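This report concerns only the one structure given below.
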Amino acid sequence: MNDIIDGDSHSSLLLKFMILVAISATIMVFDYRDTILQPVRTSLRTAIYPLQYVVDVPVRMVSYLSDYFADHKKMAAENKQLRSMVNVYAARNQKYHSIASENIRLRHQLNAIPAVKERFLLAEVLAVSGNIFRRKVTINRGANEDIYSGQVVISGKNIYGQIDSIAPDSAEIMQITDPAHAIHVLNDRTKMGALAVGTGKTNLVELKNIEANVDIKEGDIYVSSGLGQLYPANFPVAVVSSIAYNSGDSFMKVMARTLTDFSHTREVLAIWQTKKAAGVIEKPESQLKKNKKTPTVNDQADKKKH
Amino acid sequence: MNSVSLRFSGAIIVSILLALFLILLPWSDNLLRWRPEWVALTLIYWCLVLPDKISLLLAWFAGLFVDVIYGTILGQHALGMILVVFMSIRLLPRLSPGSLWHQYLLISLVLGTYFLINLWIMSATGSNPATWAYWLPLLSSLIIWPVYRWVLHLFHIERSRFGEF
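In structure tokens form, the structure reads like this:
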């Protein structure tokens, strides 16, 4: 081996290494402090999407086949049950319509701001984040279906999380159990507020800022308060599972189990909240046209800074 | 002396895609804790077999994709991957690349540094895992190495050349 060539290639390797380290450090700082790298992340996500789709194919196949070969009798029974449920819901819906119109009339009379109108889209969970210390999942809907960053996602009647980053055909949801996520909640029984911060563990959040003399007990249900204008109010979030107090601390350590079972949920609902009144309300439409995250007051209130 | 050549052009990229595929596989939470660092292992393998074919830029891009999959801040794993390649190439002349024990030594050194750097970055950006389970992938990477090495050996051809001395 020629020593000179060897040394030369080593020093060029070192040079390349140093340059790449500098670039990495720079983009890390930018990604941590700012949102300008969001398009880069989006395009990388788009590039990786086919791979993600291929990985999910067996899971889809299994569920498709099990649906396909499901017992006919069972299916018929299920169908019947669903039909009857549709009737029930249609009746309820009818009632709801009359109540809604009454509500609009009353609000009109009171000169109040019109209530929130919502639009839903069902999305399927495609993949769980590779990072086991974060709680993020990827869904099969994205910017093409008008999903926007910061959008609220629910599962059943419980809050699931919010959209974090988007790609044309997929989006990443930050679950409410993610360590970087916080949501303001109210005790349904006493109406005392607290901050539900994710723990990074499945189905577990920590309720912060609960003083030692606050009335709270195991089994209390916490609902979203609607403060910060991101999450709709009065959606159930978590139920208190353990309360601990170390004398001398100013706050109690309260853990709560989320009402969404994250380990079994495969379908979620993305919500569009449009408020018809002018003025105070943010416009999701303008956000999704720009197709990038515009940090609003809402985001900062509902999403903890890193 | 043996001459090693790729089985087909782009075999390195295909092997990295395989590693990304392995990352994306949906395991249960308990198994996920044990997931080896597939991409880093792949890069180390190519450093051992074809050190002049592996480029830092390729490692850097592979790391960026890992960042996107893991949802970490952009650049964290990219930095980790170029560190893996750089350290492997620099340590290579001090080891005999064919011996399994030397390979184990290299992997524990390189991956140990890689995990430590990742841990620092995660702590600095406020997503500290704060559990010993963070180090399990290092262990599982070492356990899976002989098998994975065999899989990756399918990507290249080794020809013995007796004419050369």
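Chains A and B, in that order, are what the protein sequence lines are. Taking the numbering used here, the leading residue of the first sequence gets 1, the next gets one more, and so forth. Taking the numbering used here, the leading residue of the second sequence gets 1, the next gets one more, and so forth. For every residue, glycine included, the Cβ atom is placed at its ideal position computed from N, Cα and C. Everything numeric in this text was worked out from a predicted model, so none of it was measured.
Within its own chain, the residues whose Cβ lies closer than 6 angstroms to the Cβ of R134 of chain A, once the five positions on either side in sequence are excluded, are D178, listed in chain order.
Within the same chain, and ignoring the five residues on either side of I147 of chain A in sequence, the residues whose Cβ sits closer than 7 angstroms to its Cβ are R141, I163, I166, A171 and A270. Distances from the alpha-carbon of L56 of chain B to those of B:M81, B:H102, B:A130 and B:W38 put B:M81 closest.
DSSP, reduced to helix, strand and coil, places V237 of chain A within a strand of the structure shown.
Every beta strand (DSSP E) of 3 residues or more that sits fully in the segment 133-215 of chain A is shown, in chain order, as 136-139, 152-155, 158-166, 171-175, 182-187, 193-198 and 204-208. Under DSSP, L269 of chain A forms a beta bridge with A:L122 and A:I154. Around the beta-carbon of I132 of chain A, 16 or more other beta-carbon atoms lie within 10 Å, marking it buried.
Scanning its chain for C-beta atoms nearer than 8 angstroms, with the 5 sequence neighbours on each side dropped, one finds no residue around M61 of chain A. Chain order gives the chain B residues near I27 of chain A as L74 and G75, where near means a beta carbon separation below 7 angstroms.
Contact check between the segment 16-32 of chain B and the segment 87-96 of chain B: fewer than three CB pairs, one atom from each, fall below 8 angstroms, which does not count as touching. For I117 of chain B, the uninterrupted alpha helix (DSSP H) run begins and ends at L100 to A124, by DSSP. The beta carbon of Y53 of chain A sits closer than 6 angstroms to none of the beta carbons in its chain outside the five residues before and after it.
For I69 of chain B, the enclosing alpha helix (DSSP H) starts and ends at L56 to Y70. The alpha-carbon of S63 of chain A is positioned some 35 angstroms away from that of G219 of chain A. Bounds of the alpha helix (DSSP H) holding K95 of chain A are H72 to L110. In terms of Cα proximity to A182 of chain A, the closest of A:V88, A:E211, A:T190 and A:L207 is A:L207.
Apart from sequence neighbours up to five positions away, the residues of its chain that approach L48 of chain B with a beta-carbon distance below 8 angstroms are S88, L92, P97, Q103 and L106, ordered along the chain.
The beta carbon of H156 of chain B is closer than 8 angstroms to those of V4, S5, L6, R7, A11, V49 and L50 in its chain, skipping five residues each way along the sequence. Against Y114 of chain B, chain A offers no close residue; the least beta-carbon distance is about 13 angstroms (beta-carbon pairs closer than 8 angstroms). Closer than 7 angstroms at the C-beta level to chain A, one finds these residues of the segment 21-48 of chain B: F21, I23, L24, L25, P26, D29, L32 and R33. Counting the other CB atoms within 10 Å of its CB gives L14 of chain A a total below 16, which places it among the exposed residues. Less than 9 angstroms divides the Cβ of L18 of chain B from the Cβ of T42 of chain B.
With a threshold of 9 angstroms between beta carbons, H181 of chain A makes no contact with chain B. Contact annotation for V40 of chain A against chain B: L74 [CB-CB distance below 8 angstroms, chain order]. Residue nearest to F30 of chain A within the set B:Q76, B:L138 and B:R159 is B:Q76 (criterion: CA-CA distance). One finds F133, R134, P179, A180 and H306 in chain A with Cβ atoms closer than 8 angstroms to the Cβ of S127 of chain B, taken in chain order. A straight-line Cα-Cα distance of about 38 angstroms links E124 of chain A and V85 of chain B. In the DSSP assignment, R7 of chain B falls outside any alpha helix (DSSP H), carrying neither H nor E. In this structure, the CA atom of Y134 of chain B is about 27 angstroms from the CA atom of M18 of chain A. Between L37 of chain A and chain B, the shortest Cβ-Cβ separation is below 9 angstroms. The beta carbon of Q52 of chain A sits closer than 9 angstroms to some beta carbon of chain B. The Cβ atoms of P232 of chain A and Y222 of chain A do not sit closer than 9 angstroms to each other. The distance from the Cβ of L37 of chain A to that of L111 of chain B is about 27 angstroms, inconsistent with a contact at the 8 angstroms cut-off. For L109 of chain B, there are no CB contacts under 6 angstroms within the same chain when 5 residues up- and downstream are skipped. Its chain contains A194, L195 and F251 as the residues whose beta carbon lies nearer than 7 angstroms to that of N209 of chain A, once the 5 sequence neighbours on both sides are disregarded; these appear in chain order. By the C-beta density criterion, E158 of chain B is exposed, having fewer than 16 other C-beta atoms within 10 angstroms.
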